[in-house]
Amino acid sequence: MRTGQTAPTYTLFVGVDIAATTAAVATQRSGARASRSCTIDQTPEGYTKLGHQLQATGHVPSRILVVMEATGSYWISLATYLGPRRGLW
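If you read the sequence shown in our numbering, its first letter stands for residue 11, the second for the next number, and so on.
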């Protein structure tokens, strides 16, 4: 089905491995090697840290694709945080 819209072109890919209290995050720029993963806490402070890290990359949020392992319900808080961010990142 065609909608007349073109698919977005992503310039940064973010992979997140979810655990109960932490999440391992790695990034990859289009055409480059993946970064080393870093670990964030599954807390508002950890989510803010990730938001700041993503903002610091200089990539426009609409060009960042975030994928995560949906373990149980542990992914929901981070996914909600990374959803439309009210202009914060």
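For each residue, glycine too, the CB sits at the ideal point set by N, CA and C.
For threonine 58, the secondary structure class from DSSP, reduced to helix, strand or coil, is helix. Assignment of glutamine 65 by DSSP, reduced to helix, strand and coil, places it in the helix class. Annotation: threonine 37 to isoleucine 74 spans about 10 angstroms, alpha carbon to alpha carbon. The straight-line gap separating the alpha-carbon atoms of threonine 31 and proline 54 is approximately 12 angstroms. Alanine 66 and threonine 49 do not touch by the CB rule: their CB atoms are close to 17 angstroms apart, not below 8 angstroms. Under the three-state reduction of DSSP output, arginine 43 falls in the coil class, being neither helix nor strand.
DSSP places threonine 49 inside the beta strand (DSSP E), whose first and last residues are 48-51.
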